[in-house]
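Report on one structure; see the data block that follows.
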Amino acid sequence: MSQQIFVYIFFFTFSSTVFAQALPRHNPVPGGIAVVDLKTNSEKPPEVQFLKRRVMVVKGKNGNWHAVVGIPLTLKKGQRSITVKSATTTKQSFKIKHKKYEFRHIRIPNERMVSPSKKDLERHFKEKPLMVKALKTWTEQDEVPMSFIKPVQGRFSSQFGLRRKYNEQERIRNHTGLDIAAPNGTPIIAPAKGKVIRTGDYFFTGGTVFLDHGQGLITMYCHLSKTDVKAGDILKQGEKIGEVGSTGRVSGPHLHWVVTLNNTKVEPKLFLQEKL
Ligand SMILES: [Zn+2]
Numbered sequence: 399m400s401q402q403i404f405v406y407i408f409f410f411t412f413s414s415t416v417f418a419q420a421l422p423r424h425n426p427v428p429g430g431i432a433v434v435d436l437k438t439n440s441e442k443p444p445e446v447q448f449l450k451r452r453v454m455v456v457k458g459k460n461g462n463w464h465a466v467v468g469i470p471l472t473l474k475k476g477q478r479s480i481t482v483k484s485a486t487t488t489k490q491s492f493k494i495k496h497k498k499y500e501f502r503h504i505r506i507p508n509e510r511m512v513s514p515s516k517k518d519l520e521r522h523f524k525e526k527p528l529m530v531k532a533l534k535t536w537t538e539q540d541e542v543p544m545s546f547i548k549p550v551q552g553r554f555s556s557q558f559g560l561r562r563k564y565n566e567q568e569r570i571r572n573h574t575g576l577d578i579a580a581p582n583g584t585p586i587i588a589p590a591k592g593k594v595i596r597t598g599d600y601f602f603t604g605g606t607v608f609l610d611h612g613q614g615l616i617t618m619y620c621h622l623s624k625t626d627v628k629a630g631d632i633l634k635q636g637e638k639i640g641e642v643g644s645t646g647r648v649s650g651p652h653l654h655w656v657v658t659l660n661n662t663k664v665e666p667k668l669f670l671q672e673k674l
């Protein structure tokens with residue numbers, strides 16, 4: 399049999415099944431991702447949960463199903479398990495390693511953004527449920543695009559996970575996104591194919607866009623000066639979303655980029671293919 403015929407038959411036989419696809423980097427730390435081989439290539443993917451949240455399941459290179467688990471920044475190192483439901487329900491464990499995130503003191507020139515008025519907070523509490531709902535979106539989809547390109551050309555100005563404190567406040571919060579500094583008006587593009595599920599203007603995040611890439615992989619773009627898309631738009635990788643700005647709580651123009659898996663904010667760099 400010639401090689402071409404063999405390849406043709408192979409493709410014809412398996413084209414209806416799900417092919418292996420790019421996975422994010424396995425980095426099982428708080429705020430990272432655990433890629434767990436479920437050791438099965440059953441026709442239907444098993445249904446997986448972590449901390450009672452549905453988890454993405456896709457085919458890996460070896461033909462087995464893999465769970466792609468977002469690990470909350472608040473979890474400590476140690477053994478954890480996912481619940482795997484197929485014909486039977488089992489548990490599969492994985493290890494979370496320690497990671498220490500650095501501390502950073504942030505100066506926000508607009509004090510109102512650090513100590514909001516009662517009215518500002520009322521606005522924030524109206525907006526928050528809409529944002530929470532967007533990040534909880536689950537879309538059934540066999541293939542999920544996970545080979546991202548950088549959404550903005552610029553330098554990483556504040557890393558994901560940093561323990562940060564604003565102005566004179568005592569409270570320390572983890573930075574749950576990755577900041578890319580760029581001048582006002584710099585184009586922001588879709589890092590991968592996705593559907594716009596919400597756009598808005600919010601007190602803390604300013605001009606904001608949410609993209610759904612399937613199976614709980616949601617990305618969020620904040621502080622935009624201009625938004626070029628609307629809910630329902632389907633974007634190809636590289637298509638323009640909007641422009642960098644300094645709306646919301648910022649110390650200068652930048653993109654605050656958030657990536658979530660199983661409604662958990664994770665390190666966006668784990669989806670970028672280029673060595674960073
Ligand atoms: Zn940020």
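Going by this note's numbering, the sequence shown opens with residue 399, and the numbers climb by one from there. By construction, the Cβ of each residue, glycine as well, lies at the ideal position given by its N, Cα and C atoms. These figures come from a predicted structure and were not determined experimentally.
Measure the Cβ-Cβ separation of ARG451 and ASN661 and say whether it is below 7 Å.
yes
Considering only heavy atoms of ligand 1, does any lie closer than 6 Å to the CB of GLY630?
no
Straight-line CA distance for VAL530 to THR486?
32 Å
Taking one C-beta from the segment 441–449 and one from the segment 474–486 each time, how about it: are there three or more such pairs within less than 8 Å?
yes
C-beta contact flag for VAL466 and VAL433 at 7 Å:
yes
Nearer than 6 Å: is that true of the beta carbon of HIS654 relative to any heavy atom of ligand 1?
yes
Go to MET529, then tell me how far its alpha helix (DSSP H) extends in each direction, as first and last residue.
516–533
At a threshold of 6 Å, does ASP577 count as lining ligand 1 (C-beta to nearest heavy atom)?
yes
Residue span of the beta strand (DSSP E) that contains PRO585, given as start and end:
585–587
What's the gap between the Cα of GLY559 and the Cα of HIS573?
5 Å
Taking 8 Å as the cut-off, does the segment 494–501 touch the segment 618–633 (at least 3 CB pairs, one atom from each stretch)?
no
Using the C-alpha atoms, what's the distance from GLY575 back to ALA532?
16 Å
Cβ of VAL664 within 7 Å of Cβ of LEU653?
no
Near ILE431, which residues of its chain fall below 8 Å by C-beta distance, leaving aside the five closest residues on each side in sequence?
PRO422, ARG423, HIS424, ASN425, VAL466, VAL467, GLY468, ILE469, LEU659, VAL664, GLU665, LEU668
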